[in-house]
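Heads up, the thing below is written out as C-alpha cells.
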Amino acid sequence: MESGGASPFPTTPQTSTPSGSKLNPNAQKKVKICVYCGSAPGKNPEHIEAARELGRLMAENDISLVYGGGTVGLMGEVAKTIVAISGPDAVHGIIPEALVKFERDSTYAGKQDEHGHYVPEAEVYGRTTVVPDMHTRKKMMAQEVLEGADGSGFIALSGGFGTMEELFEVATWNQLGIHDKGVCLLNIGGFYNGLLDWLRKAVEESFVRPANAEILVTADTAAGAIKALKDYKVSQSRYNLTWETR
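Right, here's the structure in full:
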C-alpha cells in the first residue's frame, strides 16, 4: 500500500462517457479478470487442464485476461489459450524486468520491444508490458480490473508464494474498502483446502469477521469461478475507510 494515505489506485475508475450521457458506462467496458497462478505447471496434470479450461471459457465469454506476463507454467497456458481463440488484444501480461529471464520460454529470443526489453510474441501470448518492480506490476494489474465491466475480478489458480502474496493483497484491499471486486479461489483437486481450513480457524478465533470471510469465494471449476465473480456480493462487514486518490 502506498505511503501518505493514498489509495494504491483510484477507487472510482474514470470513464470516457460524456457528462450527462444516457449511455450506460458499463456497456462500453469489457469484463477483465486478473488470474494469479504459478509459473510452474505443477505435478498433477489437472492444474494445467484447469488453466486451459479457464482460458477457453474466458475467451468464449469475451473476457479479457490480465496476468503476470510469464510464458511458462499455468501463466503461459492461460494466456496462450485465450490468444489462440480471441487474439492478442484479449491478453495483457505485466512483468517486472528482473523476472523476465526466469518466467520465460524460447519465444523471448530475438524479440525486443521499443525499450529494448525481450518480450514474448504477442501473437502467442498477447501484449506484454515490462515494469520496474513488483509493486508497479500488482498496481497495474489491479487497476485494469477496476476499470473493467461488472463481473471483473480476481481468480487464483494453484501456485506458490507469489500467488499467495498477490491473492491476500487484493483480499486485504477489499476488506479495507479500496476496491469491491470479487476474489475467487479456483480450488482444483482440493489444492486450497488447507487455506480454507485456516480461514475458518481465523474466524473461529475472532481474527477475521465472519462476514469478511466471504471476501474470498471459492469454486472447483473454471465455469464456477467466472460465475462467482459475476454474482459477487460485497461484504457488509468491511471497514468503512476513506482512501484519497491524489
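Numbering (our numbering), first residue to last: 37 to 282. Idealized CB from N, CA, C, for every residue including glycine. Because the structure is a prediction, the values reported are computed rather than measured.
Nearest candidate by alpha-carbon position, reference residue i, set the options
{"i": "K269", "options": "I131, G187, L93 and R173", "result": "G187"}
{"i": "L135", "options": "G106, E159 and A158", "result": "G106"}
{"i": "T199", "options": "G112, A86 and G74", "result": "G74"}
{"i": "A258", "options": "T208, R173, N223 and N80", "result": "N223"}
{"i": "L66", "options": "G104, A95, R88 and E85", "result": "A quick correction: the sequence has Lys, not Leu, at residue 66. Measuring from the Cα of K66, the nearest candidate turns out to be A95."}
{"i": "L203", "options": "G226, M177, G78 and K79", "result": "M177"}
{"i": "L212", "options": "I251, Y228 and R236", "result": "I251"}
{"i": "R173", "options": "L235, N276, I131 and V253", "result": "I131"}
{"i": "Q272", "options": "F227, N210 and L232", "result": "N210"}
{"i": "H171", "options": "I191, V181, E205 and E159", "result": "E205"}
{"i": "T254", "options": "W279, E240, E241 and L232", "result": "L232"}
{"i": "I99", "options": "W234, A158 and I121", "result": "I121"}
{"i": "C220", "options": "K263, L182, I191 and E159", "result": "I191"}
{"i": "G226", "options": "T208, G195 and E241", "result": "G195"}
Bridge partners - residue i, DSSP secondary structure assignment
{"i": "R88", "result": "Looking at the DSSP assignment, R88 forms no beta bridge with any residue, so it has no partner."}
{"i": "K68", "result": "S100"}
{"i": "A247", "result": "Beta-bridge pairing links A247 to no other residue."}
{"i": "A258", "result": "Paired residue(s): none; A258 is not in a bridge."}
{"i": "L252", "result": "V219"}
Neighbourhood of residue i by C-beta distance below 8 angstroms, restricted to the same chain and skipping five residues each side
{"i": "G162", "result": "L101, A115, I118, V119, P124, D125, A126, V127, H128 and G129"}
{"i": "L193", "result": "V71, Y72, C73, G74, H83, A86, A87, L90, L110, V114, T199, L222 and I224"}
{"i": "Y275", "result": "Q211, L212 and G213"}
{"i": "A207", "result": "V219, I251 and L252"}
Beta-carbon contacts of residue i that lie in its chain and below 7 angstroms, excluding the five residues immediately before and after
{"i": "S52", "result": "Low confidence applies to S52: its pLDDT is 32, below 50, so where it sits in the model is not reliable, and the reading given next is rough at best. Cβ within range, chain order: n/a, list empty."}
{"i": "G184", "result": "K65, K66, V67 and K68"}
{"i": "A247", "result": "S271, Q272 and S273"}
Short Cβ contact (9 angstroms threshold) for residue i with residue j
{"i": "Y33", "j": "V155", "result": "Nothing about residue 33 can be read from this structure; the chain reaches only from 37 to 282."}
{"i": "L265", "j": "G189", "result": "yes"}
{"i": "V166", "j": "E133", "result": "yes"}
{"i": "A353", "j": "A249", "result": "Nothing about residue 353 can be read from this structure; the chain reaches only from 37 to 282."}
{"i": "L182", "j": "K137", "result": "no"}
Element boundaries [beta strand (DSSP E), containing residue i]
{"i": "I130", "result": "V127 to P132"}
{"i": "V166", "result": "R163 to V167"}
{"i": "G218", "result": "G218 to L222"}
Host alpha helix (DSSP H) of residue i (start-end)
{"i": "I191", "result": "First-last for I191: G189 to A192, but that is the beta strand (DSSP E), not the alpha helix (DSSP H)."}
{"i": "L203", "result": "F197 to Q211"}
{"i": "W234", "result": "N229 to E240"}
{"i": "L110", "result": "G109 to S122"}
{"i": "K174", "result": "M170 to L182"}
Close beta carbons around residue i, own chain, < 6 angstroms, minus the five adjacent residues each side
{"i": "R88", "result": "E113 and T117"}
{"i": "S57", "result": "Because the pLDDT of S57 is 39, which lies under 50, any placement of that residue in the model is unreliable, and the number read from its coordinates should be weighed accordingly. Excluding sequence neighbours, S57 sits near nothing in its chain."}
{"i": "G146", "result": "Confidence in G146 is poor, its pLDDT being 46 and thus under 50, which makes the residue's placement unreliable; the coordinate value appears in the next sentence. Correct list: empty, nothing qualifies."}
{"i": "D256", "result": "N223"}
{"i": "A77", "result": "Just to set this straight, residue 77 is Pro in the shown sequence, not Ala. Cβ neighbours of P77 beyond the five flanking positions: I84 and G109."}
{"i": "V244", "result": "A238"}
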